[in-house]
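Residue numbering for the sequence shown follows the working numbering, beginning at 22 and increasing consecutively. Glycine included, C-beta positions come from ideal geometry on N, C-alpha and C.
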Amino acid sequence: MSDVTTLAGLAESSLDAPASIYEMIREDIISGRLEPSARLKVADLAERYGTSTNPVREALQQLRGEGFVSMEPNRGARVVAIDEDFVRDIIEIEMLIEPALTKWFVSIATDADIVTLEEAQADIEALNFADAAQHGRLDTRFHQIIYDRHYNRHAAELWWKHREILRAIARRYPTSLTRRASVIAEHRALIERIRAQDADGAAAVVARHVEGSGRHIIEQMRAAKYLRPA
22 MSDVTTLAGL AESSLDAPAS IYEMIREDII SGRLEPSARL KVADLAERYG
72 TSTNPVREAL QQLRGEGFVS MEPNRGARVV AIDEDFVRDI IEIEMLIEPA
122 LTKWFVSIAT DADIVTLEEA QADIEALNFA DAAQHGRLDT RFHQIIYDRH
172 YNRHAAELWW KHREILRAIA RRYPTSLTRR ASVIAEHRAL IERIRAQDAD
222 GAAAVVARHV EGSGRHIIEQ MRAAKYLRPA
């Protein structure tokens with residue numbers, strides 16, 4: 022795979038590089054600093070982020086492709102609401118992609134892969150959710166071990182894109198104790214299914230894991246809505 026970009030390479034570059042215009046606009050949309058339905062004028066955004074107009078145009082096209090921005094003829098770009106429907110749509114796609122990627126990994130997994138997964142899981146459990154950002158990086162690394170070698174780079178990179186979106190959204194909310202316990206248990210169960218070369222069982226665990234993650238984010242979004250001052 023020396024001729025393709027790996028997910029690990031994408032992760033390292035995203036951690037080392039300063040935030041791009043795309044990332045800054047995306048973060049402002051997710052955080053609500055750019056409100057739903059707000060019009061996104063290229064010149065205003067260029068001034069806001071201290072850049073020229075070309076990077077803004079490129080960022081808006083990328084954000085449009087990811088569903089953060091809508092564009093209509095003669096009406097320009099507008100912010101799409103980051104709501105329950107937005108998260109649900111991503112999760113439903115991931116519940117198709119991730120089990121398929123996992124089933125293929127089971128067919129090629131080695132003893133060394135199992136050891137690497139166990140080490141990644143040990144790091145997650147040692148941190149014990151004490152640092153949300155670090156947990157997100159460790160959790161991503163755990164899943165990259167499974168998805169990084171898949172031959173279908175389009176599917177793997179779509180997972181990565183959705184992973185980054187969901188991780189950015191999830192940063193706004195705490196992880197409940199129940200969800201923390203579920204994450205640990207599901208990771209352990211996944212390792213055991215891979216060790217047993219049970220592709221269908223591993224796929225079922227991942228589907229449950231993804232669905233649980235989406236449900237938790239949606240529940241936290243609802244709770245935040247109820248707690249918001251009138």
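Residue from the options whose Cα sits closest to the Cα of residue i
| i | options | result |
| --- | --- | --- |
| valine 4 | Ile46, Thr72, Ser41 and Ala245 | This structure gives no information on residue 4, because the portion of the chain shown stretches from 22 to 251. |
| glutamine 142 | His156, Ala59 and Glu113 | His156 |
| isoleucine 111 | Tyr43, Arg209, Arg69 and Lys182 | Lys182 |
| aspartate 152 | Arg200, Thr131, Asp134 and Pro195 | Pro195 |
| arginine 96 | Val63, Asn75 and Glu105 | Val63 |
| isoleucine 190 | Leu61, Ile212, Gln82 and Arg236 | Arg236 |
| arginine 229 | Phe107, Leu84 and Thr123 | Thr123 |
| glutamate 146 | Ile135, Asp104, Ile103 and Ser203 | Ser203 |
| asparagine 173 | Ala220, Ile118, Ile135 and Arg158 | Ile118 |
| phenylalanine 107 | Ile51, Gly233, Ala177 and Arg214 | Ile51 |
| proline 120 | Tyr247, Ser197, Arg60 and Ala176 | Ala176 |
| arginine 200 | Val231, Trp180 and Ala225 | Val231 |
| aspartate 104 | Arg162, Ser58 and Ala40 | Ser58 |
beta-carbon residue i near the ligand GDP non-hydrogen atom, thresh 7 Å
| i | result |
| --- | --- |
| valine 100 | Ligands are entirely absent from the displayed structure, and the ligand GDP is therefore not among its contents. |
Beta-carbon contacts of residue i that lie in its chain and below 7 Å, excluding the five residues immediately before and after
| i | result |
| --- | --- |
| glutamate 56 | Val100 |
| isoleucine 186 | Glu87 and Ile111 |
| proline 94 | none |
| valine 226 | Glu207, Ala210, Leu211 and Arg214 |
Start-to-end residues for the alpha helix (DSSP H) that takes in residue i
| i | result |
| --- | --- |
| arginine 78 | 74-86 |
| valine 63 | 63-70 |
| alanine 259 | With the chain covering 22 to 251 only, the question about residue 259 has no answer from this structure. |
| aspartate 301 | With the chain running from 22 to 251 in the structure shown, residue 301 is simply not present. |
| arginine 47 | 42-52 |
With 16 other Cβ atoms within 10 Å as the buried cut-off, status of residue i
| i | result |
| --- | --- |
| histidine 171 | buried |
| tyrosine 168 | buried |
| glutamine 218 | exposed |
| aspartate 160 | buried |
| histidine 208 | buried |
| histidine 164 | buried |
| alanine 223 | buried |
| leucine 211 | buried |
| glutamate 115 | buried |
Other residues of its chain near residue i: CB distance less than 6 Å, five sequence neighbours each side excluded
| i | result |
| --- | --- |
| tyrosine 70 | Ile42 and Met45 |
| glutamate 113 | none |
| glutamine 241 | Tyr194 |
| phenylalanine 126 | Ile167 |
The beta strand (DSSP E) enclosing residue i, as first and last residue numbers
| i | result |
| --- | --- |
| serine 91 | 90-93 |
| valine 100 | 97-100 |
Contacting residues, own chain, Cβ-Cβ under 8 Å from residue i (five flanking each side not counted)
| i | result |
| --- | --- |
| threonine 137 | Ile166 |
Item to complete: Ignoring anything shorter than 4 residues or poking outside the stretch 153-208, list the alpha helix (DSSP H) runs there in chain order.
Response: 153-168 and 174-191
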